[in-house]
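**Q**
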Amino acid sequence: MFNLLIHSSLKGEVKLEIEADFVIINANELVTLKGSSEKPRIKDEMKNLSIIKNGAVAAKDGKIVAIGETSEVLAKLKKNFEVIDASGKLVTPGLIDPHVHLIFSGFREDELEKMAVEGVTYLEIKSQGGGMPLTLKKTAETSTKDQLEITTQILDKMLICGTTTIEAKSGYEMTYEGEIRQLEIIKILNNTHPIDLISTFCAQGIPPEYESKVDELTDEIVEKWIPEIARRNLAEYADVFCEKGYFNVEQTRRILIAGRKHGMKLRNHCDWLVHSGGTRLVAELGDVVSADHLIFTPMEEVEALKEQGTVIVFLPTSPFCYVGTYADARGIIDRGLPVALATDVSAANLCESMQMMMTLAVLRMKLTSAEALTATTINAAHSINRGHEIGSLEVGKKADIIIFDAPNHRFFPYNYGINLAEKVFKNGKLVAESGRIVK
Ligand SMILES: [Zn+2]
2 MFNLLIHSSL KGEVKLEIEA DFVIINANEL VTLKGSSEKP RIKDEMKNLS
52 IIKNGAVAAK DGKIVAIGET SEVLAKLKKN FEVIDASGKL VTPGLIDPHV
102 HLIFSGFRED ELEKMAVEGV TYLEIKSQGG GMPLTLKKTA ETSTKDQLEI
152 TTQILDKMLI CGTTTIEAKS GYEMTYEGEI RQLEIIKILN NTHPIDLIST
202 FCAQGIPPEY ESKVDELTDE IVEKWIPEIA RRNLAEYADV FCEKGYFNVE
252 QTRRILIAGR KHGMKLRNHC DWLVHSGGTR LVAELGDVVS ADHLIFTPME
302 EVEALKEQGT VIVFLPTSPF CYVGTYADAR GIIDRGLPVA LATDVSAANL
352 CESMQMMMTL AVLRMKLTSA EALTATTINA AHSINRGHEI GSLEVGKKAD
402 IIIFDAPNHR FFPYNYGINL AEKVFKNGKL VAESGRIVK
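Numbering (our numbering), first residue to last: 2 to 440.
Okay, structure coming up:
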């Protein structure tokens, strides 16, 4: 993984020399989050970021090779490496966004404004030809070439804001060919864009012609779509919009069990608009990796997930934009469940910045800044089964590292609405700097 050269000095001392491509030095706060690769952090562990003051982190061939106080790290390194000075700045692991409805066409900014300003309801918008049916139609009409361009722009914005890995869902075509196309686009982007994309088949929008026939749509998904998606190895996860007006609990159960049978791991949308029973289903299934939203879930149903290690993913944008009610994040953390944060980027509202999610988590959901940063790094990594590779700064892990133009992690809720990410490293390569992509 990296080269250790052992030299014996005249006095017989053994000195380790580590080769590095670059080293970031003098970080005011170097947030490591070390020691949590096996399990997500819970309760008070979430408040401990394992910070090194005046810290340094060195990388070689895309991996972290040394980390510690600046003088210590410099003493270990073999000569010939680039030095990046992070004096006065915050350095963290790359941010991870574990819930993204990535592939869609047609923005709906007019609808959001109508809902926010005029109090128009989503159902009224839908009856006038807007909402999800509009996105399904526009996405289906968009060529793969155009879709790649549209989505690359979203990924670029994520990257310049410090996001280095995302979970990417399909779900905005909801036909057999359309969903396979969406997942193929995710596969292409995973190869062409610096961000790592973890792919999920998401049974999401109900096409208008199936509105009164969701059972038939479920039959098709279970019998035809999932086996073919699995055969082509296009999705690591299966996920369902288990929600009033979308898939009910029984339909969700069938889809998730089909995903499991075909080798997919599971995640689920639960109790987002009403108490629909999705969380109870997650408890029953027992092996669901992440349960997302949980806005209207009674606490006893949340607690039922505690023993199975499911990570709860909070999505602060939908309460911020239109639901109004936030999940009881404080209560859920205090009861010892692991939590992560995500943007829920979708056609309905669009915020690519995980920094903004930390702002909302602190100012609206009563997480501390440290808990919010844990939820966007190591816990987010566990919510996509990547705790061993990313989410913390430790020797051997991917050199996904962000230098923020901020003195400490408490700046995320304080200096908000702007991009604080100054340098973004993905796999040890500088990929964004001062708000621009580095080619
Ligand atoms: Zn979602």
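All C-beta atoms, glycine included, are put in the ideal place defined by N, C-alpha and C.
1) Determine the extent of the alpha helix (DSSP H) in which Ala231 is found, giving its start and end residues.
2) Pick helix, strand or coil for Asn55, following the three-state DSSP scheme.
3) Let me confirm a value: Met366 is counted as buried when at least 16 other C-beta atoms fall within 10 Å, else exposed. Which label applies?
4) Return yes when at least one heavy atom of ligand 1 lies under 7 Å from the C-beta of His383, else no.
5) On the three-state DSSP scale, how would you describe Gly13?
6) Under a three-way DSSP split, which group does Phe82 fall into?
7) For chain C, check one thing: does any of its Cβ atoms lie closer than 8 Å to the Cβ of Asp157?
8) Let me know if Pro209 comes out buried or exposed under the rule of 16 or more other beta-carbons within 10 Å of its beta-carbon.
9) State the CB to CB distance for the pair Thr311 and Val290, rounded to an integer number of angstroms; the pair is presumed to be in contact (CB under 8 Å).
10) Quick check on the DSSP output: what are the complete alpha helix (DSSP H) runs of length 4 or more inside the segment 361 to 385, in order along the chain?
11) Do Leu149 and Ile189 have their C-beta atoms within less than 8 Å of each other?
12) Quick one, what's near ligand 1 if you take every residue whose CB is closer than 6 Å to any heavy atom, in chain order?
13) Suppose contacts are defined by Cβ-Cβ distances below 8 Å. Is Thr140 in contact with Tyr173 by that definition?
14) Let me know the alpha helix (DSSP H) ranges lying completely inside the segment 233 to 307, each 4 residues or longer, listed in chain order.
15) Work out the CA separation of Asn81 and Leu316 for me, nearest whole Å.
16) If you draw a straight line from the alpha carbon of Leu1 to that of Asp240, how long is it in whole angstroms?
17) Can you tell me whether Tyr415 is buried or exposed, with buried defined as 16 or more other CB within 10 angstroms of its CB?
18) If distances are taken between C-alpha atoms only, which option among Ile333, Lys262 and Tyr327 comes closest to Ala305?
19) Identify whether Asn191 lies in helix, strand or coil by the three-state DSSP scheme.
20) Across the segment 354 to 369 and the segment 52 to 68, are there enough close Cβ pairs to call them in contact, namely three or more that are closer than 8 Å?
21) On the DSSP letters alone, give me the boundaries of the beta strand (DSSP E) that Ala328 sits inside.
22) Note down, in chain order, each residue of its chain lying with its Cβ closer than 8 Å to the Cβ of Ala117, except the 5 sequence neighbours on either side.
23) Should Phe242 and His276 be called a contact, given that it needs their Cβ atoms to be closer than 8 Å?
24) In terms of alpha-carbon separation, which member of Ala381, Tyr417, Lys245 and Pro228 lies closest to Arg261?
25) Let's see if you can read the secondary structure: which residues bound the beta strand (DSSP E) around Glu30?
26) DSSP three-state label for Ala67, please.
27) Candidates Glu18, Arg109, Asp22 and Ser51: which alpha carbon is nearest Leu31's?
28) State the start and end residues of the unbroken beta strand (DSSP E) segment that holds Ile404.
29) Mind checking whether Thr166 and Leu394 have CB atoms under 8 Å apart?
30) Whole angstroms are fine: how far does the CA of Gly130 sit from the CA of Ile402?
31) So, under 8 Å CB-CB, Thr201 and Glu168 are touching, yes? Tell me the CB distance rounded to an integer number of Å.
32) What would DSSP say about Leu342, mapped onto helix, strand or coil?
33) Could you name the residues of the same chain whose beta carbon sits closer than 6 Å to that of Phe3, not counting the 5 residues immediately before and after it, in chain order?
**A** Looking at the coordinates:
1) Here residue 231 corresponds to residue number 230 of the sequence shown, with the count starting at 1. Start and end: Ile227 to Arg232.
2) Numbered from 1 along the sequence shown, position 54 holds the residue referred to as residue 55. Asn55: strand per DSSP, three-state reduction.
3) Within the sequence shown, residue 366 is the residue found at index 365, counting from 1. Result: buried.
4) Here the question's residue 383 lines up with position 382 in the sequence shown. For ligand 1, not one heavy atom lies less than 7 Å from the Cβ of His383.
5) As a first step, residue 13 must be located in the sequence shown, where it is residue number 12. In this prediction, Gly13 scores a pLDDT of 47, lower than 50, which makes its location untrustworthy; the coordinate-derived value is nonetheless stated afterwards. Gly13: coil per DSSP, three-state reduction.
6) Looking up residue 82 in the sequence shown gives position 81. Coil at Phe82, not helix or strand.
7) Looking for chain C here will not work: only one protein chain is present.
8) Translated into positions along the sequence shown, residue 209 becomes position 208. Classification of Pro209: exposed, given that the 10 Å Cβ count is below 16.
9) For the purposes of this step, residue 311 is taken as the residue at position 310 of the sequence shown. For the purposes of this step, residue 290 is taken as the residue at position 289 of the sequence shown. Going by Cβ atoms, the distance from Thr311 to Val290 rounds to 7 Å, so yes, they are a contact pair.
10) 370 to 377 and 379 to 383
11) The count along the sequence shown starts at 1 and reaches residue 149 at position 148. The count along the sequence shown starts at 1 and reaches residue 189 at position 188. Cβ distance < 8 Å, so Leu149 and Ile189 count as in contact.
12) His100, His102, His270 and Asp345
13) In the sequence shown, the residue the question calls residue 140 occupies position 139. In the sequence shown, the residue the question calls residue 173 occupies position 172. Yes, the Cβ-Cβ distance between Thr140 and Tyr173 is below 8 Å.
14) 250 to 262, 279 to 286 and 300 to 304
15) Within the sequence shown, residue 316 is the residue found at index 315, counting from 1. Within the sequence shown, residue 81 is the residue found at index 80, counting from 1. Spanning the two alpha carbons is a distance of roughly 44 Å.
16) This structure does not reach residue 1, given that the chain is present from 2 up to 440, and the question cannot be answered.
17) Counted from its first residue, the sequence shown places residue 415 at position 414. Exposed, since its Cβ has fewer than 16 Cβ neighbours within 10 Å.
18) Position 304 of the sequence shown, counted from the start, is the residue given in the question as residue 305. Checked all of Ile333, Lys262 and Tyr327; the closest Cα to Ala305 is Ile333.
19) Here residue 191 refers to the residue found at position 190 of the sequence shown. It is helical.
20) no
21) Here the question's residue 328 lines up with position 327 in the sequence shown. Per DSSP, Ala328 belongs to no beta strand (DSSP E) and is neither H nor E.
22) By one-based count along the sequence shown, residue 117 stands at place 116. Cβ within range, chain order: Cys322 and Tyr323.
23) Numbered from its first residue, the sequence shown carries residue 242 at position 241. Numbered from its first residue, the sequence shown carries residue 276 at position 275. Result no, Cβ atoms of Phe242 and His276 do not sit closer than 8 Å.
24) Your numbering for residue 261 matches position 260 in the sequence shown. When each option's Cα is compared against that of Arg261, the closest is Pro228.
25) Sequence index remark: in the sequence shown, residue 30 carries index 29 (1-based). Phe23 to Val32 is the extent of the beta strand (DSSP E) around Glu30.
26) The residue you call residue 67 lines up with position 66 of the sequence shown. Ala67 falls in the strand class under three-state DSSP.
27) For the purposes of this step, residue 31 is taken as the residue at position 30 of the sequence shown. Closest option to Leu31, Cα to Cα, is Ser51.
28) Walking along the sequence shown from the start, residue 404 turns up at place 403. First-last of the beta strand (DSSP E) with Ile404: Ile402 to Phe405.
29) Working through the sequence shown from its first residue, we reach residue 166 at position 165. Working through the sequence shown from its first residue, we reach residue 394 at position 393. Not closer than 8 Å, so no.
30) Numbered from its first residue, the sequence shown carries residue 402 at position 401. Numbered from its first residue, the sequence shown carries residue 130 at position 129. Cα to Cα, Ile402 sits roughly 44 Å from Gly130.
31) The residue you call residue 201 lines up with position 200 of the sequence shown. The residue you call residue 168 lines up with position 167 of the sequence shown. Thr201 to Glu168, Cβ: 6 Å. Contact.
32) For the purposes of this step, residue 342 is taken as residue 341 along the sequence shown, with counting starting at 1. Correct three-state label for Leu342: strand.
33) Residue numbering aside, residue 3 sits at position 2 when the sequence shown is read from its first letter. Residue placement at Phe3 cannot be trusted, given a pLDDT of 43 that sits under 50; what the coordinates show is reported in the next sentence. Only Lys61 and Val66 meet the Cβ criterion.
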